[in-house]
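To convert, count from 1 in the sequence shown and add 1; that's this note's numbering.
Take a look at the structure below.
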Amino acid sequence: MTTTITKRKFNFGAGPAMLPTEVWEEARENLLSYRGTGIGIAELSHRSPEYAAVHADAEARLAALLGLDEDWVVLFMTGGASSQAFLVPMNLGPRGDYVETGVWARKALAEGRLIGDAHVAASSADTLFDHIPTDLDWRGDADYAHITSNNTVYGTQWKDFPVTAAPLICDASSDILSRPLDLSRFALIYAGAQKNLGPAGVTVVIMRKALLERTPQTLPTMLRYTTHAAKH
Ligand SMILES: Cc1ncc(COP(=O)(O)O)c(C=O)c1O
Numbered sequence: 002m003t004t005t006i007t008k009r010k011f012n013f014g015a016g017p018a019m020l021p022t023e024v025w026e027e028a029r030e031n032l033l034s035y036r037g038t039g040i041g042i043a044e045l046s047h048r049s050p051e052y053a054a055v056h057a058d059a060e061a062r063l064a065a066l067l068g069l070d071e072d073w074v075v076l077f078m079t080g081g082a083s084s085q086a087f088l089v090p091m092n093l094g095p096r097g098d099y100v101e102t103g104v105w106a107r108k109a110l111a112e113g114r115l116i117g118d119a120h121v122a123a124s125s126a127d128t129l130f131d132h133i134p135t136d137l138d139w140r141g142d143a144d145y146a147h148i149t150s151n152n153t154v155y156g157t158q159w160k161d162f163p164v165t166a167a168p169l170i171c172d173a174s175s176d177i178l179s180r181p182l183d184l185s186r187f188a189l190i191y192a193g194a195q196k197n198l199g200p201a202g203v204t205v206v207i208m209r210k211a212l213l214e215r216t217p218q219t220l221p222t223m224l225r226y227t228t229h230a231a232k233h
């Protein structure tokens with residue numbers, strides 16, 4: 002039985018994102034029978050050429066929307082944005098400078114502390130995260146600098162991104178694709194898909210290919226950015 006949807010309700014919650022009805026209709030059709038083959042896309046092997054093409058197409062579309070060039074690689078990972086909070090220091094190096102602007106920024110900082118030497122470059126915790134700090138104390142020799150572009154709980158957003166000596170990492174979970182980004186400022190951007198891009202379950206990482214050289218070979222295989230980038 003096919004359900005016809007006559008009226009959809011708008012969900013303005015912070016996640017999951019509401020997608021256009023046509024997107025879900027196409028998904029519904031292809032979940033049952035991918036391109037008329039009689040086999041649903043989720044019933045095909047995730048290593049099959051059919052699925053690989055869907056995956057590659059999604060990467061290419063995201064790259065086009067973000068305006069990425071050959072210097073960048075798009076990774077679709079699992080574990081949520083929360084897992085990137087530890088994967089960043091594990092892959093890029095232990096010394097991280099953090100701007101603490103909300104709960105998620107604080108959680109990233111806590112993960113950075115578990116893995117390495119995390120330093121607070123600035124924090125607005127004292128005023129209950131009511132602003133984005135402008136006085137930023139970056140260390141000259143950090144492996145990376147970490148910011149959260151939009152603070153979901155507090156509604157504060159970086160308007161102008163900082164210029165940092167260390168590669169700038171950005172958790173853009175709650176505003177990715179909501180505005181054009183000057184990519185020249187960034188080295189790696191990550192986002193759980195469920196707020197701005199689609200259903201929960203996939204985490205988007207876009208990173209400069211040059212950073213892949215930093216991944217230690219001693220990391221468990223599936224925790225290495227290089228493993229996820231290898232298929233490109
Ligand atoms: C800015 C930000 N970062 C990280 C997260 C956590 O994302 P995930 O549930 O994908 O781990 C959220 C919200 O849930 C968020 O708003």
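Backbone N, C-alpha and C define an ideal beta-carbon position, used for all residues, glycine too.
A residue is called buried when at least 16 other Cβ atoms come within 10 angstroms of its Cβ; LEU115 does not meet this threshold and is exposed. When distances are taken from the beta-carbon of THR149 to the heavy atoms of ligand 1, the shortest one is below 7 Å.
Contact annotation: GLY16 and LYS196 have beta-carbon atoms nearer than 8 Å.
In this structure, ILE133 places its C-beta atom within 8 Å of the C-beta atom of THR157.
Separation of TYR191 and THR22 (C-alpha to C-alpha, rounded to the nearest whole angstrom) is 26 Å. In this chain, the alpha helix (DSSP H) harbouring SER84 covers 81–93. As the crow flies, the alpha-carbon of ASP144 is around 33 Å from that of ALA18. In this structure, SER125 places its C-beta atom within 8 Å of the C-beta atom of THR102.
A straight-line Cα-Cα distance of about 31 Å links THR204 and THR128. The Cβ atoms of TYR99 and HIS147 sit closer than 8 Å to each other.
Not one heavy atom of ligand 1 lies closer than 7 Å to the C-beta of ALA126. Along the length of the region 142–208, whole beta strand (DSSP E) runs at least 3 residues long occupy 145–149, 169–172, 189–193, reported in chain order.
DSSP, reduced to helix, strand and coil, places HIS47 outside both helices and strands of the structure shown, so it counts as coil.
About 10 Å separates the beta carbons of ARG209 and ASP70, which is beyond the 8 Å limit, so they are not a contact pair. Minimum Cα-Cα distance from ILE177 among the listed residues LEU198, LEU224, ASP183 corresponds to LEU198. Inter-residue distance for ARG36 and LEU182 is about 35 Å (C-alpha atoms, whole angstroms). When only Cα atoms are considered, ILE40 and ASP142 end up about 53 Å apart. Pairing ASP172 with ALA123, the inter-Cα distance amounts to about 16 Å.
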